[in-house]
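Numbering (this note's numbering), first residue to last: 44 to 594.
Cβ atoms here follow ideal geometry from the backbone N, Cα and C, with glycine treated the same way.
This structure is a prediction, so every number in the text was calculated from the model and none was measured.
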Amino acid sequence: MMTLTNFDIFSCDVLVIGGGGAGLRAAIEARERGADVTIVSKSRVGFGNNTFISKGTFAVTTGLGDSSDNPYVHTKDSVIGGRFINDQRLVKVVTQESGDQIDFLEKCGVKFFKRQGKIRLTHTPGHSYPRHVQGEHQAGRDLIVPLREYATKIGVRFAERVFITRLFTFRGQISVATGINQDGRFLTFSANCMILATGGFAQVYLHNNNAAGMTGDGHVLAFELGIPLKDMEFVQFYPTALGALGRRLFLYEAFVFEAGAMLRNAQGDDIISKYGLKDPMAMTRDRLTRAIMREILEGRDLDGGVIIDLKTVPEEKLNKLRHLLPTVDQLNKKEFIISPTAHFCMGGIPIDEHAETIIPALFAAGEVCAGVHGANRLGGNALTEIFTIGGIAGRMAAIKAGEIGRPDFPTTQVAEEKTRLESLLTSGNRDARGLRKDLKHLMWDRAGIIRKKSGLQEAVRKIEELTADLPRVQIRDGRELIKYLELCNMLLLSEMVCRAALLRAESRGAHYRTDYPDENNKNWLKNILIHKKDSDISLDAVKVSMGPVIP
């Protein structure tokens, strides 16, 4: 049996797992409150995450826009968009704290896109008012690179290219995280408090616009500790990704259609009119995505996609569109083939208003969490969530780390984890990449945008078959071990998505079933919780704790 290099032990007050926007926001907040902070990330901190590859747009109630806009209106928009199964306590916290993030980010060196010296606000579907701000160059790097630089400046430490394999508790409190790097080095991190900020799991789908590392690692770390996962059936697909394969480049649907662009199928039919989507501000991503995918599945596609036609856009508006959407200008075209792509995962770890999980001293922030977005996320709310909840998680973790002592080190459990990982280093005859590809095809075909019972049941059966093949995977070094562990996470989360989608006998938000095409508020104003039960999972539908915004 191969062995991993003997482990090193690192200690800190607050350990942040994940080096994207939520992780950096949390780490900076905790460090500024006096905590000794380490970020551990399986890629370079600030890179290789969804914040970096985003358009750097987020929704805030700043006082810069319409005087009628306020946190309650933003909350109401978000809950209506989430089809009323959001955790309204969390939505309220996010909207109330959103405006403060501008000052924080500017302090960290972020520059915003401005017009005549004022931050420019834009309007996207589902929002009642223009309330979206962007980085100076309309790119995620405008936000996250300054955050990385600022975190380094104030003394946040980075442990990069480390994959966390398991979390441990001591007497009920979070205590230790174990990890490996690509060289096969086994690492252990001891901390008073930890924050999970690992992002989503859209890599389970063949077509996605996520960073390569979005394999749901934090979801599984929490689940293995006994934390249930919530709303896993809800995965958002971005409707207008360039290219028939739904690549990372995408056109903002609100800007394009508000300017007068047409969306046509291969026969030239106007898809927007056909599906009653004429109002660009009511054209939420779930509705537009389903319309496009139905055209593709029913054979009215062009090379696997549909066509956005800019020839109907007046030249004056087209020039403005080129400024807002540099991709359009770079491609120098007026017709584009677009198709949907997996974009965001609404399901994840339940947290309270202090960003704490049910495990004491374990916090979570960002896409790894559930609750803020409900069944469908409105555009711009993702980065709003990571900055607000990330800040809260960092603040509360720093406070708690100062109140509690360092938990005892679970020596026996850590040694057992090292032995478990070493036992996986075998010379099998299957390649993890092949299994991963099979899973991604399966999830896209059977558990994607348009679902039905038979397809979901087939997906569950085939996921079980793929899981049964795991012991045959060849693992020769640290790099292959990490890919194998990612695959394990992807298989488990894919099963959760399918089983939750089977249980939810209705359509709501991003979850659409042809055999239950209608929203059913009488029976399904519920959240599905998925629990660990020995080596299996169990599902439980729990009535939504309704807030002030009701159907």
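Opening and closing residue of the alpha helix (DSSP H) in which Thr165 lies: First-last for Thr165: undefined, no H or E at that position.
Other residues of its chain near Gly590: CB distance less than 6 Å, five sequence neighbours each side excluded: Within the same chain, Gly590 has close Cβ partners Gln131.
Same chain only: Cβ atoms within 6 Å of Thr332, ignoring 5 sequence neighbours per side: Short of 6 Å from the beta carbon of Thr332, and not among the five residues preceding or following it, lie these beta carbons of its own chain, in chain order: Phe280, Pro282, Pro383 and Ile492.
At least 3 beta-carbon pairs within less than 8 Å: the segment 86-96 vs the segment 50-68: Contact between the segment 86-96 and the segment 50-68 is present, with at least three C-beta pairs closer than 8 Å.
Proximity below 9 Å, CB of Gly261 to CB of Thr241: A contact, by the Cβ cut-off of 9 Å.
Meets three-Cβ-pair contact criterion under 8 Å: the segment 467-475 and the segment 262-281: With fewer than three CB-CB distances shorter than 8 Å, the segment 467-475 does not count as touching the segment 262-281.
Thr212 versus Arg126, Ser233 and Glu203, residue with shortest Cα-Cα distance: Selected option, being the one with the closest Cα: Ser233.
Of the residues Ala309, Thr454 and Ser581, the one placed nearest Ile381, counting alpha carbons only: Looking at the Cα atoms, Ala309 is the closest of the given residues.
Tyr172 - containing beta strand (DSSP E), residue span: Here Tyr172 belongs to no beta strand (DSSP E), and DSSP marks it neither H nor E.
Integer Cβ distance of Thr427 from Gly124, believed to fall under 8 Å: At roughly 13 Å, the Cβ-Cβ gap does not stay under 8 Å, so Thr427 and Gly124 are not in contact.
When Ala418, Tyr559, Ala408 and Gln456 are compared against Ile429, the one with the closest alpha-carbon: Considering only alpha carbons, the answer is Ala408.
Beta-bridge partners of Arg184, as assigned by DSSP: The partner list for Arg184 (beta bridge, DSSP) is empty, contrary to what the question assumes.
Straight-line gap, Ala297 to Lys321 (C-alpha atoms, nearest Å): Near 11 Å, if we compare the C-alpha coordinates of Lys321 and Ala297.
Asp313 - partner residues in DSSP beta bridges: Paired residues: Arg307.
Distance between Phe155 and His180 (C-alpha atoms, nearest Å): Whole-angstrom Cα-Cα distance: 8 Å.
Validate contact between the segment 170-180 and the segment 433-453 using beta carbons, cut 8 Å, 3 pairs: The count of Cβ pairs closer than 8 Å, one atom from the segment 170-180 and one from the segment 433-453, stays below three, leaving the stretches out of contact.
Straight-line Cα distance separating Thr138 from Ile305: Per the sequence shown, residue 305 should be read as Met rather than Ile. Straight-line Cα distance between these residues: approximately 33 Å.
Buried versus exposed call for Thr117 [16 or more other C-beta atoms within 10 Å across all chains shown]: What sits at residue 117 in the sequence shown is His, not Thr. His117 comes out buried.
Span of the beta strand (DSSP E) around Gln139: From DSSP, Gln139 is part of no beta strand (DSSP E) but of the alpha helix (DSSP H) over Gln131 to Glu140.
Nonlocal neighbours in the same chain, by C-beta distance under 8 Å from Val205, ignoring five residues either side: Cβ-Cβ distances below 8 Å link Val205 to Val83, Ser84, Lys85, Gly222, Ile223, Asn224 and Leu230 in the same chain, with the five nearest sequence neighbours on each side left out; the list follows chain order.
Element boundaries [beta strand (DSSP E), containing Tyr527]: DSSP places Tyr527 outside any beta strand (DSSP E); the residue lies instead in the alpha helix (DSSP H), whose first and last residues are Gly521 to Leu546.
Identity of the residue in Ser466, Ala441, Pro594 and Ala444 nearest Leu21 by Cα: Nothing about residue 21 can be reported from this structure: the residues present for the chain run from 44 to 594 only.
Closest residue to Gly521 among Gly227, Gly66, Gly445 and Gln177 (Cα-Cα distance): For Gly521, the closest C-alpha among the options Gly227, Gly66, Gly445 and Gln177 is that of Gly227.
Beta carbon of Val585 nearer than 9 Å to that of Asn570: Yes. Within cutoff.
Distance, Val592 Cα to Lys119 Cα: One C-alpha to the other measures close to 6 Å.
Residue environment, Asn92, which counts as buried when at least 16 other CB atoms sit within 10 Å: By the neighbour-count criterion, in which a residue is buried when 16 or more other Cβ atoms sit within 10 angstroms of its Cβ, Asn92 is buried.
Contacting residues, own chain, Cβ-Cβ under 8 Å from Gly215 (five flanking each side not counted): Excluding residues up to 5 positions away in sequence, Ile402 and Pro403 lie with their Cβ nearer than 8 Å to the Cβ of Gly215 in the same chain.
Cβ-based burial, Lys135 [other Cβ within 10 Å; buried from 16]: Buried: at least 16 other Cβ atoms inside 10 Å.
Cut-off 6 Å between Cβ atoms - residues of its own chain near Phe53, not counting five sequence neighbours on either side: Result list for Phe53: Phe232, in chain order.
Member of Val587, Glu338 and Pro271 whose CA lies at the smallest distance from the CA of Lys565: Measuring from the Cα of Lys565, the nearest candidate turns out to be Val587.
Close beta carbons around Ser97, own chain, < 6 Å, minus the five adjacent residues each side: Here the set comprises Gly183.
Sequence-distant residues of the same chain with beta carbon closer than 7 Å to Glu396, five excluded per side: Within the same chain, Glu396 has close Cβ partners Arg132, Leu133 and Val136.
Contact belief for Leu534 with Leu482 at Cβ below 8 Å, rounded distance in angstroms: Approximately 6 Å separates the beta-carbon atoms of Leu534 and Leu482; this is inside 8 Å, confirming the contact.
9 Å Cβ cutoff met for Thr431 and Gln144: Yes. Within cutoff.
For Trp567 and Asp474, the rounded distance between their alpha carbons: When the Cα atoms are used, Asp474 and Trp567 turn out to be separated by approximately 41 Å.
Cβ-Cβ separation, Arg479 to Leu530 (assumed contact under 8 Å), whole Å: Leu530 to Arg479, Cβ: 5 Å. Contact.
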